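Participant: For the sequence shown, our numbering puts the final residue at 1243, and the numbers step up evenly by one. Sending over a structure as structure tokens; questions will come in a sec.
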Amino acid sequence: MTEITAPAKKKIIFSGIQPSGILTLGNYIGALRNWVKLQDDPEYDCIYCVVDLHALTVRQNPAELRRRCVETLALFIACGLDPEKNIMYCQSHVSGHSELGWLLGCFTYMGELQRMTQFKDKSAKHADNINAGLFTYPVLMAADILLYGTDLVPIGADQKQHLEIARDIALRFNNIYGDVFTVPEAYMGKAGARIMSITDPTRKMSKSDEPNSYIAILDKPEDIRRKLKRAVTDSDGIIRYDRENKPGVSNLLDILAAITGEDTDALVARFEGKGYGVLKDEVAEAVIAELAPVQERYYKILADKPFLEKVMQQNAERAGKMAFKMMSKVHKKLGLAPYKL
Ligand code: TYM
């Protein structure tokens, strides 16, 4: 007689992007492209979230924020994420994120949050609005991740510190209440976990900086060519991979390596004796070719509002059901009174 075994429980992948600006090549290479690759792994169920609550830590124009949430979701799909295979939704549509955020805040220390480099950077940048949300941001991010029993979190290198605090909070909670949360691991691609600004390659490429410093996923080919032609390099004229001493050239090599799948050493050998102009042109053409199909799909999807609305609603319901299960478990563990006695 053959033994019937229950199907193995799939592992969970969770990640998010803030709808706080135009998404960049950094977001694409560091996060979105890896999300698309992971959706085909039968071992995982993937949840991808437009983290609109996180965006509120910086003042937003309400109409713009509303529009950007829908646009970000459309971009997820345009990048190749299948709404049937993955759960994709807006964070504010699932109340469990904020609720768990509060509860986990009671298990997070001020000192831990004070050490976060993103808090230090953002409070320097927005000195007129250093709000408590900016400070407790990593707690909400931990809630996002822990709410679904997440195993793996595909992120760029800048989010690593936030993931570590999520792990610490999970372990601390589990030590007191038993095995409640899965302790998540970071997933970073081999190349491109940290794409730098093209006007100041010592800084991360960021959607909140000035437009010439980043390539937007939706930039037109002529803008991509223009921006990359002006990309800051150095004056020694040799194409070599050296992040510390040649950050501009190394960043261009990283971008090309991430897109073509070639190794940076192989690229350096291929470009031997050639000038920076040749490298910049090749990076521009590779980026344009990579983004062209995404852009084409994006405008079609964005025009189909009923479809996007359906994706947003149905997926929020699916995520909401999963979140409710975890919240019930956490309430019980913490000793919060049940609604029905
Ligand atoms: P956000 O919106 O700044 O960025 C979204 C994703 O893009 C990656 N990324 C980059 N990767 C490589 N090079 C770059 N220049 C670059 N810029 C951005 C980020 O690492 C990130 O993976 N706090 C998060 C959003 C968030 C989240 C979460 C992520 C909220 N809750 C839970 C994962 C899990 C953020 O601000 O990402």
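Each residue gets a CB set at the ideal place from its N, CA and C atoms; glycine is no exception. Bear in mind that the values here come from a model prediction, so they are computed numbers and not experimental data.
#1: Give a single yes or no on whether residue 1071 has its beta carbon closer than 7 Å to a heavy atom of the ligand TYM.
#2: Can you check which of these residues, 1059, 1080, 1079, 1088, is closest to residue 1068 by C-alpha distance?
#3: Run through DSSP, which three-state label would residue 952 get?
#4: Let me know if residue 1167 comes out buried or exposed under the rule of 16 or more other beta-carbons within 10 Å of its beta-carbon.
#5: Quick check on the burial criterion: 16 or more other C-beta atoms within 10 angstroms. Buried or exposed for residue 1039?
#6: In three-state terms, what does DSSP make of residue 1165?
#7: Just the C-alpha distance for residue 1073 and residue 1052, rounded to the nearest angstrom, thanks.
#8: What does DSSP give as the partner residues of residue 1054 in its beta bridges?
#9: Below 8 Å between beta carbons: does that hold for residue 992 and residue 1214?
#10: Would you mind sorting residue 1243 into buried or exposed? The rule is 16 or more other CB atoms within 10 Å of its CB.
#11: Is it true that the region 963-970 meets the region 1000-1008, where meeting means three or more beta-carbon pairs spaced less than 8 Å apart?
#12: DSSP on residue 1093, reduced to helix/strand/coil?
#13: State yes or no: is the C-beta of residue 988 nearer than 7 Å to some heavy atom of the ligand TYM?
#14: Quick check: the Cα distance between residue 1046 and residue 1011, rounded to an integer number of angstroms?
#15: Assess contact between the region 978-985 and the region 938-955, defined as three or more Cβ pairs (one per stretch) separated by less than 8 Å. Is contact present?
Facilitator: Taking the definition as stated:
#1: Residue 1071 Cβ: outside cutoff for every heavy atom of the ligand TYM.
#2: The shortest C-alpha to C-alpha distance from residue 1068 to any of 1059, 1080, 1079, 1088 is the one to 1088.
#3: Shown here, residue 952 sits in a strand according to DSSP, grouped into three states.
#4: Under this definition residue 1167 is an exposed residue.
#5: Classification of residue 1039: buried, given that the 10 Å Cβ count is 16 or more.
#6: Residue 1165: coil per DSSP, three-state reduction.
#7: For residue 1073 and residue 1052, the distance between alpha carbons rounds to 14 Å.
#8: In DSSP, residue 1054 forms a bridge with 915, 1087.
#9: For residue 992 and residue 1214, yes; Cβs fall inside 8 Å.
#10: Exposed.
#11: For the pair of segments examined, the region 963-970 was found not to touch the region 1000-1008: the number of CB pairs separated by less than 8 Å stays below three.
#12: Coil.
#13: The answer is no for residue 988.
#14: Residue 1046 and residue 1011 have their alpha carbons spaced roughly 18 Å apart.
#15: Yes, the region 978-985 touches the region 938-955.
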